[in-house]
Amino acid sequence: MTFSDLGLCKELLDAIKDQGYTKPSPIQEQAIPIILEKKDVLAGAQTGTGKTAGFTLPILQRLHDKKRGTGKPHVRALILTPTRELAAQVGENVKTYGKYLPFKSTIVFGGVGINPQRAAIRKGVDIVIATPGRLLDLISQDSLDLGRVEFFVLDEADRMLDMGFIHDIKKVLALLPAHRQNLLFSATFSDDIKKLADKLLNNPELIEVARRNTSSETVEQVVHHVDRERKRDLLIHLIKKDNWKQVLVFTRTKHGANRLSEQLNKFDISSSAIHGNKSQGARTKALADFKAGNIKVLVATDIAARGIDIDQLPHVVNFELPNVAEDYVHRIGRTGRAGREGEAVSLVCVDEHDYLKGIEKLINKQIKKVIIEGFEVNPSIKAEPITRSGQNRGNSSNNTNSSRNNRNKNDSRTSKNNPRNNPRANTNSSRSNSRKTQGKSSGRA
Ligand code: AMP
Numbered sequence: 063m064t065f066s067d068l069g070l071c072k073e074l075l076d077a078i079k080d081q082g083y084t085k086p087s088p089i090q091e092q093a094i095p096i097i098l099e100k101k102d103v104l105a106g107a108q109t110g111t112g113k114t115a116g117f118t119l120p121i122l123q124r125l126h127d128k129k130r131g132t133g134k135p136h137v138r139a140l141i142l143t144p145t146r147e148l149a150a151q152v153g154e155n156v157k158t159y160g161k162y163l164p165f166k167s168t169i170v171f172g173g174v175g176i177n178p179q180r181a182a183i184r185k186g187v188d189i190v191i192a193t194p195g196r197l198l199d200l201i202s203q204d205s206l207d208l209g210r211v212e213f214f215v216l217d218e219a220d221r222m223l224d225m226g227f228i229h230d231i232k233k234v235l236a237l238l239p240a241h242r243q244n245l246l247f248s249a250t251f252s253d254d255i256k257k258l259a260d261k262l263l264n265n266p267e268l269i270e271v272a273r274r275n276t277s278s279e280t281v282e283q284v285v286h287h288v289d290r291e292r293k294r295d296l297l298i299h300l301i302k303k304d305n306w307k308q309v310l311v312f313t314r315t316k317h318g319a320n321r322l323s324e325q326l327n328k329f330d331i332s333s334s335a336i337h338g339n340k341s342q343g344a345r346t347k348a349l350a351d352f353k354a355g356n357i358k359v360l361v362a363t364d365i366a367a368r369g370i371d372i373d374q375l376p377h378v379v380n381f382e383l384p385n386v387a388e389d390y391v392h393r394i395g396r397t398g399r400a401g402r403e404g405e406a407v408s409l410v411c412v413d414e415h416d417y418l419k420g421i422e423k424l425i426n427k428q429i430k431k432v433i434i435e436g437f438e439v440n441p442s443i444k445a446e447p448i449t450r451s452g453q454n455r456g457n458s459s460n461n462t463n464s465s466r467n468n469r470n471k472n473d474s475r476t477s478k479n480n481p482r483n484n485p486r487a488n489t490n491s492s493r494s495n496s497r498k499t500q501g502k503s504s505g506r507a
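Its first residue numbered 63, the sequence shown is counted upward by one per residue in our numbering.
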């Protein structure tokens, strides 16, 4: 199948050609015709499958087919994403694919000044790509009207719910006109996602291009068991040995990301950290430097790295395993995108064996284990509990299981009243406190 078989107009085909895409990806092959038929869609797609073009292209086509009246543009398509980085990326894609069409789009997210966003909307836009908090801020200031939205996309819906955005999503839904086309994309399907889909979607077509909770097949996954204190040396060894040029490294905590990045710089490995405590300007700069190849290593926490799309990113390293197994799938989905090969390396110490078991259960596969010479595990080192903030506590404990259970019970993902759980600390800093405590996310990013 080719893109022209899908019935896209010349302006879109030319833009696709400029991108060098030769054929639609499986999600595009399935989603584009259904969306063009004006049906609602519930899509399960792995990260990196080309899902953004899967919904952007047919929306642009439909906007093109269904000409609006003369006068200033109004918001006809709304795309909601969980993070600023993803909003920025989807916004770029909309511009790229729509470059030969006359539609105006704008990106709306927190952490940066609201006035330029308000001004852009005032001039008139057809497509808004937004994170929920800032969108609601603009609406509450009468700067944005969703009353004539024809297309509503909820991207990475599972992450939205993880980050505690359900109340904001409901508020947005209440402002949309009853008659509209809805598209819901999610990498994983929980009962909560199914409930949301039931509420949002009208007789949807179900598309699934990969089995649920599987990890990308083009990513080669490997685990290196290593002692807790030797992870940094092993990472440096791996980067230097094979002369890795572009590595995205995940840590569990913001503090851990800062520290590791500083240490790598001391060893002449250029690096920056990206997490929710950094200003939006610093986040944007770190990502741009990494994409441009000015720095070798970007050390990131989960929320900040969500949605990052780096062309041909060859290596992802889990310096620490995530405490939520689904995050592993998202992390390694940063490489091996759009059918290209990638490598995901996890450095696993004795404290993280339960996390590894949880991940292997989720992806339904045993990850290859390779011991690196010179970094063999010292069996006398005992597991230590990982604190709620994601760090290893300095004290050894023989009663590891009970400590870990205790941690899990207290895990801040489930502790709604914990002020650390402020999803918008990472996305939309200007929201009110009452909404800040509704999040389920760890808020650690
Ligand atoms: P996404 O899953 O939307 O984040 O897309 C992942 C990557 O795949 C992006 O870098 C896109 O530019 C790229 N991509 C999207 N569609 C295609 C296609 N049909 N052929 C090749 N690359 C694509």
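Heads up, the beta-carbon is just placed ideally off N, CA and C, and yes, glycines get one too.
Residue from the options with nearest C-alpha to residue i
i      : options                        : result
Arg210 : Gly131, Ala150, Val361         : Gly131
Cys411 : Asn426, Ala335, Lys293, Tyr390 : Lys293
Lys261 : Ser167, Ile231, Ser332         : Ile231
Val407 : Ile301, His317, Phe165, Val439 : Ile301
Ala240 : Phe213, Ile394, Pro88          : Phe213
Asn155 : Ile189, Val285, Val288, Leu208 : Ile189
Asp253 : Leu223, Leu237, Ala236, Val271 : Leu223
Gln92  : Phe117, Tyr159, Gln325         : Phe117
Leu235 : Asn426, Val215, Phe165, Ile97  : Val215
Asp289 : Lys347, Glu435, Ile78, His317  : Glu435
Val439 : Ser205, Ala105, Ile89, His286  : His286
Leu424 : Phe251, Thr397, Leu206, Glu270 : Phe251
Ala553 : Pro178, Leu142, Gly355         : Here the chain comprises residues numbered 63 to 507, so residue 553 is not present and cannot be evaluated.
Pro120 : Ser442, Gly133, Glu99          : Glu99
Phe381 : Leu418, Gly355, Leu122, Asp351 : Leu418
Val432 : Pro441, Tyr390, Leu409, Gly420 : Leu409
Glu446 : Asn426, Val379, Asp416, Lys233 : Asp416
Asn305 : Lys128, Thr84, Asp330          : Asp330
Ser341 : Glu270, Ile429, Gly175, Gln123 : Gly175
Lys128 : Thr145, Leu200, Ile94, Phe165  : Phe165
Arg396 : Asp413, Ile96, Ile365, Pro441  : Ile365
Arg180 : Ile421, Ile394, Asp204         : Asp204
Val386 : Ala150, Asp220, Gln123         : Asp220
Lys134 : Glu291, Ser167, Val271, Ile394 : Ser167
Gln509 : Ala77, Gly172, Asp199          : Nothing about residue 509 can be read from this structure; the chain reaches only from 63 to 507.
Ile448 : Ile201, His317, Asp413         : Asp413
Ala149 : Glu218, Lys72, Ile394          : Glu218
Lys233 : Asn426, Asp199, Lys256, Arg321 : Asp199
Ile97  : Pro144, Arg242, Thr315, Gln151 : Arg242
First through last residue of the beta strand (DSSP E) which encompasses residue i
i      : result
Gln283 : 281-287
Ile201 : Element bounds for Ile201: not the beta strand (DSSP E) but the alpha helix (DSSP H), 194-202.
Asn244 : 243-248
Leu375 : Premise fails: Leu375 is in no beta strand (DSSP E) and is neither H nor E.
Phe214 : 213-216
Val311 : 309-312
Val361 : 359-362
Beta-carbon gap between residue i and residue j smaller than 9 Å
i      : j      : result
His377 : Gln283 : no
Gly195 : Ile169 : no
Ala249 : Glu388 : yes
Asn244 : Leu263 : yes
Ile298 : Ala319 : no
Leu163 : His136 : no
Lys45  : Asp80  : A question about residue 45 goes unanswered here, because the residues of the chain that appear run from 63 up to 507.
Leu208 : Leu237 : yes
Leu68  : Pro86  : yes
Gly106 : Thr280 : no
Leu349 : Phe437 : no
Arg347 : Ile372 : Per the sequence shown, the amino acid found at residue 347 is Lys instead of Arg. No, Cβ-Cβ distance for Lys347 and Ile372 is not below 9 Å.
Asn356 : Ser323 : no
Ile443 : Leu383 : no
Tyr159 : Leu104 : no
Leu140 : Leu70  : no
Where the alpha helix (DSSP H) containing residue i begins and where it ends
i      : result
Ala93  : 88-98
Asn339 : No alpha helix (DSSP H) contains Asn339, which DSSP labels as neither H nor E.
Gly420 : 415-425
His56  : The first residue shown for the chain is 63 and the last is 507, placing residue 56 beyond what the model contains.
Val33  : The structure shown does not extend to residue 33, since the chain is modelled only from 63 to 507, so the question has no answer here.
Gly153 : 146-159
Ala77  : 72-81
- Message: Using 8 Å as the cut-off, can you tell me whether the stretch 358-365 makes contact with the stretch 311-331, which would need three or more C-beta pairs spanning the two stretches below that distance?
- Response: These segments touch.
- Query: Is the number of C-beta pairs between the stretch 109-118 and the stretch 178-188 that are closer than 8 Å three or more?
  - Reply: These segments do not touch.
- Query: Is the stretch 63-75 in contact with the stretch 222-238, if contact means three or more CB pairs nearer than 8 Å?
  - Reply: no
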